[in-house]
Structures are given as structure tokens and as C-alpha cells.
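Engineer:
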Amino acid sequence: MKLNTLTATALAAALMVSGTGRATADIGDAIAGGIIGGVIVGAIQHNRTRTQPVRTHRPRVPSAARQQARDVQTALNHFQFHVGVADGVLGRQSRAGISQYQAYLSFPVTGHLSEFERQVLLSAHQRAVMGGPHVTRVAASHPNGMRGLLDTVRDEMLGINQQPVTVATPAPPVVPAATAVPAAPEAPAATSAVPNFFGGQSGGAVQQASLASHCNRVSLVTNANGGYAELGTLSDPVFALNEQFCLARGYAIAEGEALVAQVPGATAQSIAAQCQGLEPLLQPHVAALSVQPRDQVLQGVTQFVLTSGMSTSDLASTARICLSSGYLTEDLTVAVGSAMVLVALGEHSYGELPAHHLMQGIGATQRRELAAEWFRASLPAGGVVSTEVAFRPGPDSRNALILAAVDGATGAAPMAATPVAPVIAPQTAPQPYSK
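All residue numbers in the sequence shown are consecutive under numbering that gives the first Met the number 0, ending with 434.
1) Can you tell me whether ILE361 is helix, strand or coil according to DSSP?
2) DSSP on ILE270, reduced to helix/strand/coil?
3) Starting from the C-beta of ALA260, find all residues in its chain whose C-beta is less than 7 Å away, skip the five residues before and the five after it, and write them out in chain order.
4) To the nearest angstrom, report how far apart SER122 and THR301 are at their CA atoms.
5) Give the C-beta separation of TRP373 and ARG293 to the nearest angstrom, bearing in mind that I take them to be a contact with Cβ-Cβ under 8 Å.
6) Check whether the Cβ atoms of ILE97 and GLY110 lie closer than 7 Å to each other.
7) Applying the 10 Å Cβ sphere with the 16-neighbour rule, what's the burial state of PRO236?
8) Answer yes or no: do ALA138 and GLY144 have a C-beta to C-beta separation smaller than 7 Å?
9) Consult DSSP for PRO142 and reduce its assignment to one of helix, strand or coil.
10) Determine the DSSP secondary structure at MET129, reduced to helix, strand or coil.
11) For the alpha helix (DSSP H) that PRO236 lies in, which residues bound it at each end?
12) Classify VAL128: buried if its beta carbon has 16 or more other beta carbons within 10 angstroms, exposed otherwise.
13) Pick helix, strand or coil for ARG69, following the three-state DSSP scheme.
14) Throw me the rounded Cβ distance for the PHE303 and LEU280 pair, which I believe falls under 8 Å.
15) Suppose contacts are defined by Cβ-Cβ distances below 7 Å. Is SER312 in contact with CYS274 by that definition?
16) For my contact list, PRO107 and GLN101 are in at a C-beta cut-off of 8 Å; report their separation, rounded to the angstrom.
17) Would the stretch 225 to 245 count as touching the stretch 352 to 364 if we require 3 or more Cβ pairs under 8 Å?
18) Could you spell out the range, first to last residue, of the alpha helix (DSSP H) harbouring GLY83?
19) Using C-beta distances below 7 Å, list every residue in its chain close to ARG153, excluding the 5 sequence neighbours before and after it, in chain order.
20) Between LEU327 and HIS213, what straight-line distance do the alpha-carbon atoms span, to the nearest angstrom?
21) Nearest-angstrom Cα distance between HIS278 and ALA338?
22) Relative to the alpha-carbon of ARG69, which residue among ASP406, GLN125 and ASP86 has its alpha-carbon at the smallest distance?
23) Between GLN79, ARG367 and MET156, which lies nearest to THR409 when the distance is taken from Cα to Cα?
24) Between ALA251 and LEU322, which are expected to be in contact by the criterion C-beta below 8 Å, what is the C-beta distance as a whole number of angstroms?
25) Can you tell me where the alpha helix (DSSP H) with GLU229 in it begins and where it stops?
26) Is DSSP giving PRO353 helix, strand or coil here?
27) For the candidate residues VAL340, ALA370, THR332 and SER396, whose alpha-carbon lies nearest to that of SER209?
28) Put GLU346 into one of helix, strand or coil per three-state DSSP.
29) With a Cβ-Cβ cutoff of 7 Å, do SER377 and GLY350 count as a contact?
30) Among LEU75, PHE78 and ALA399, which residue has its Cα nearest to the Cα of GLN239?
31) Which value, in whole angstroms, describes the spacing of the CA atoms of GLN268 and ASN76?
32) Going by DSSP in three states, LEU104 sits in which element: helix, strand or coil?
33) CB-CB under 8 Å to ARG65, same chain, minus the five flanking residues each way: which ones, in chain order?
34) Under a Cβ-count criterion, where at least 16 other Cβ atoms within 10 Å of its own Cβ denotes burial, should GLU114 be classed as buried or exposed?
35) Among the residues of its own chain, which have a CB less than 8 Å from the CB of LEU297, if the five just before and after it don't count?
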């Protein structure tokens, strides 16, 4: 037994001596393997012995309160008091936005909304989302744009009369009589400075003819001709432009009707009533269309866009709907103004519509030189056949056809002579032969 023990000890010593280099080289791997293995085994044992999962309980905000906070954040963002994502948690950024809102309306700046302050904010936001002529007028006339709706709602809730109040002028103090000074003659009224002998019935007045009736007549002639005028057979440039005008009008109506179908509860009558509220705001820009160059007109329309208080996407959709409604109801001021709003938003193809109105003198004074400027800015040139065509259906050569017709109508390029069929003299009946 003792011999066996000594033998085993000697063998172990020999192995240790002979493997010193390898043990030294592999010690790191052995330690690492032991640690990793221990972790794995420990994890397995832990999973085996675990009887119930450990759950972390976090306090939850009641759903109603969270939704209320989310509504507040959405309203603050809408009025440019930026609070970030509307997550329903009123943290530091939300408190800062609330403080800005309170400072704007001269409320006590606390970072926490009172019930009255919250009602003002949410009511104004609801009105802004619903829109309508009143909202548009406030946004366009108030120096702070859409934020002016907050002032309006606050004053209404406080019962403040927003109409101008006439203040009684205090009686002047009694002074000794002085030498009477003759009163200056009263200036004549501005309205009588430029007499109008025609009452708007002169030849230069804007033609308020029915565009629908005009397009019906154009359609009759088109059918009689066997179809639309084409580039290769263009002989009457003004009539060819009339055909494309009515085609674009039909496209605009259909596009707006498709958008109205997506508005819950909207009817043609309710849409027309709201779009009609835009007429006094668009009227100055439509009037400028007949007297100013295109770039100058668009500067004014762009200013209207910037003060509208609406996002560009919402304003573009609204303009498309009112463009359609304006054509359907023959409110050409709304129709032409809406088309110019779309151009100011970067959708240049819609500039073709004001060009048609200027070319034909319907809804605008007939100014063919100004119409040509709008046409050429709205349609691609240089051999481009059918790209960027905003109005369909139509021929593939629609752009080139319109530009050629514009050149012909304004005298910029002579029209090709229309081939004339040879005239064959009628044959006379043979005369009886006589000597």
C-alpha cells in the first residue's frame, strides 16, 4: 500500500515537472473556462430552482389622466410651444412649454395648468383643428398668426367684448375766447377721386360669365371636330387652350371631390360655405393677378401662406378642396386664389389655371401677355413631352401643345398653315349638240 502511494506521488511529480510549460500557457484559459462554466452552471441551477418569476412593479399613470396630459401636449405643440413627443407624461420639457403658454396669455407662470388655463388651451386647439372662415380670419389678421386664437378664446371665456369700444372724450377745459380761425375745407371723399362712368360694364371689366356654360360650349365644338386639337393639326390656338382649360377644370373638381370624401360628415354645402369664407382673404391676390407680374403676385400669396397658421400639407389639401368647390359653385375668386396658393406651396403645375383665366378673360381681366408668363413658368419646355403633367386625361403631347398654342395666341410664333382641301369645280351637265 505504501509502495503504491509513493509510486502515484512520483508519477504526479514527474507530470508536473514535464508539463510546466503547458500549464503556464493554458492557465488563463483554464481560469476563464472555469469562471464561464461556473456562470453557466449557476444560471442553469438558478433556472431549475426558481419557482416564481420576479416582476418589477412600476407605478402607472391612470389612462384618463395620461390622455388628458397627451391632449395638453398636442395642443401646446400645435401653437408652437414645443414640448416634444406627446407621450402623456408632463415632464420638465412639458412644464417649460406650459410656462411659455402661460406667459403668452399673461397667466401666472407656474408650469402647472389651472383648470381655466387648460380649458382655454384645449378649446382653442379644437377650433384650430376644425378650421373654418373664423379661424382663417383670426390667423391671417392677428400679428401672432394662429396663436391669436388663444387670445380670442381666453377673452370669450372671460366675457371680454372684443368689439372696439368707443371711449367718451372728456370735455375740454374752459379757456378765454380767442379769435375764430376759419376751419380748413373738408377733403373730398376718396371714393369720388376716380369717377366710374361705366359701373364695371366696360370692356376691361372682369368677365363673370359661367365657366360651366363656357366649357359646355367648348365640349360641343370638340365633339363636332371629332376630338381634341392635337399638336400636328393645331390651327386655332385659342380654342385649343379652351379645350385644355376645361379639361384641367374637370380634373381639379374630381381631385377635390375625392378629398372631400375622406372628411367625415362633410357635405358639398358645408364645404362651399367654409371655402366662401376665404373669398375676402383671397380677393386682393386674385385682383393683383390681372395687373402684376407673376413673381410679384406670388410674393403676396406667399405672405398669406406664412400667416395662415396651418401646416403646408393641411393648407395644400384645403386649397385643393376649395379649388374644386370654387369651380363647382362658380366662385372663381376662391378657385383662382386656391390655385395660386398651391403654386406658392411649390406645386407649380397649378399655375396653369390662373394662366387660362388670364388668357380667356374669365374670372380675371384678359391679359394674354401675363397669361403667357404663367403658362411658361408652369409647364416644362425644351422637348419634354409628358412629365409633370398635373391634369389628366389628355394627349401625351399636352405640354408641347399648350406651349405651341400660347405662342400662336400671343404672336410669339406664327401658326403653321392649315392644309386646305382642293376645290373641285362641279361638273356641268352635257349640252345637246347643235349645228
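Every residue gets a Cβ at the ideal spot worked out from N, C-alpha and C, and that includes glycine. Bear in mind that the values here come from a model prediction, so they are computed numbers and not experimental data.
Structural biologist: Short version:
1) Counting from 1 along the sequence shown, the entry for residue 361 is found at position 362. It is a strand residue.
2) Working through the sequence shown from its first residue, we reach residue 270 at position 271. Reduced to three states, the DSSP call for ILE270 is helix.
3) In the sequence shown, counting from the first residue as 1, residue 260 sits at position 261. Around ALA260: no qualifying Cβ.
4) Residue numbering aside, residue 122 sits at position 123 when the sequence shown is read from its first letter. Residue numbering aside, residue 301 sits at position 302 when the sequence shown is read from its first letter. Their backbone Cα atoms lie some 29 Å apart in a straight line.
5) The residue given as residue 373 occupies position 374 in the sequence shown. The residue given as residue 293 occupies position 294 in the sequence shown. Contact flag correct, Cβ pair sits at about 6 Å.
6) By 1-based counting over the sequence shown, the position of residue 97 is 98. By 1-based counting over the sequence shown, the position of residue 110 is 111. Yes, they are a contact pair.
7) Stepping through the sequence shown from its first residue, residue 236 is reached at position 237. It is buried - the Cβ of PRO236 has at least 16 other Cβ atoms within 10 Å.
8) If you number the sequence shown from 1, residue 138 lands on position 139. If you number the sequence shown from 1, residue 144 lands on position 145. Their beta carbons are under 7 Å apart, which means ALA138 touches GLY144 by this criterion.
9) In the sequence shown, the residue the question calls residue 142 occupies position 143. Coil.
10) Within the sequence shown, numbered from 1, the residue matching residue 129 stands at position 130. Helix, per DSSP.
11) Position 237 of the sequence shown, counted from the start, is the residue given in the question as residue 236. First-last of the alpha helix (DSSP H) with PRO236: 236 to 259.
12) Locating residue 128 in the sequence shown gives position 129, where the first residue counts as 1. Answer is exposed; the Cβ neighbour count stays below 16.
13) Mapped onto the sequence shown, residue 69 falls at position 70. In this structure, ARG69 counts as helix in the three-state DSSP scheme.
14) Numbered from its first residue, the sequence shown carries residue 303 at position 304. Numbered from its first residue, the sequence shown carries residue 280 at position 281. Right, the Cβ-Cβ distance comes to about 7 Å (below 8 Å), so this counts as a contact.
15) Working through the sequence shown from its first residue, we reach residue 312 at position 313. Working through the sequence shown from its first residue, we reach residue 274 at position 275. No, the pair does not count as a contact, with Cβ atoms beyond the cut-off.
16) Within the sequence shown, residue 107 is the residue found at index 108, counting from 1. Within the sequence shown, residue 101 is the residue found at index 102, counting from 1. Contact flag correct, Cβ pair sits at about 7 Å.
17) yes
18) Taking the first residue of the sequence shown as position 1, residue 83 is located at position 84. GLY83 -> no alpha helix (DSSP H), and no H or E assigned at all.
19) Within the sequence shown, numbered from 1, the residue matching residue 153 stands at position 154. The residues are LEU104 and VAL119.
20) The sequence position of residue 327 within the sequence shown is 328, counting from 1. The sequence position of residue 213 within the sequence shown is 214, counting from 1. Going from the Cα of LEU327 to the Cα of HIS213 covers about 13 Å.
21) The sequence position of residue 278 within the sequence shown is 279, counting from 1. The sequence position of residue 338 within the sequence shown is 339, counting from 1. For the sequence presented, residue 278 should be read as Glu rather than His. Going by the C-alpha atoms only, they are around 13 Å apart.
22) Working through the sequence shown from its first residue, we reach residue 69 at position 70. That would be ASP86, whose Cα lies nearest to the Cα of ARG69.
23) What you label residue 409 is simply residue 410 of the sequence shown in a count that begins at 1. Answer by Cα proximity: ARG367.
24) Working through the sequence shown from its first residue, we reach residue 251 at position 252. Working through the sequence shown from its first residue, we reach residue 322 at position 323. 5 Å between Cβ atoms; contact.
25) Position 230 of the sequence shown, counted from the first residue, corresponds to residue 229. No alpha helix (DSSP H) holds GLU229; DSSP gives it neither H nor E.
26) Looking up residue 353 in the sequence shown gives position 354. Helix at PRO353.
27) For the purposes of this step, residue 209 is identified with residue 210 of the sequence shown, where counting begins at 1. Taking only the C-alpha atoms, the option nearest SER209 is THR332.
28) Position 347 of the sequence shown holds residue 346. DSSP places GLU346 in coil when its eight states are reduced to three.
29) Within the sequence shown, residue 377 is the residue found at index 378, counting from 1. Within the sequence shown, residue 350 is the residue found at index 351, counting from 1. Yes. Within cutoff.
30) Taking the sequence shown and counting its residues from 1, the one referred to as residue 239 is at position 240. Note on identity: in this sequence residue 239 is Ala, with Gln being the wrong assignment. Of LEU75, PHE78 and ALA399, the residue nearest in Cα terms is ALA399.
31) For the purposes of this step, residue 268 is taken as the residue at position 269 of the sequence shown. For the purposes of this step, residue 76 is taken as the residue at position 77 of the sequence shown. The alpha-carbon atoms of GLN268 and ASN76 are separated by roughly 32 Å.
32) Against the sequence shown, residue 104 aligns to sequence position 105. In the structure shown, LEU104 sits in coil (DSSP, three-state: anything other than H, G, I, E or B).
33) To locate residue 65, count along the sequence shown from 1; it is residue 66. The residues are GLY87 and VAL88.
34) Here residue 114 corresponds to residue number 115 of the sequence shown, with the count starting at 1. GLU114 is exposed by the Cβ-count criterion.
35) Translated into the one-based positions of the sequence shown, residue 297 becomes position 298. So the list reads MET339, VAL342 and ALA343, once near-sequence residues are dropped.
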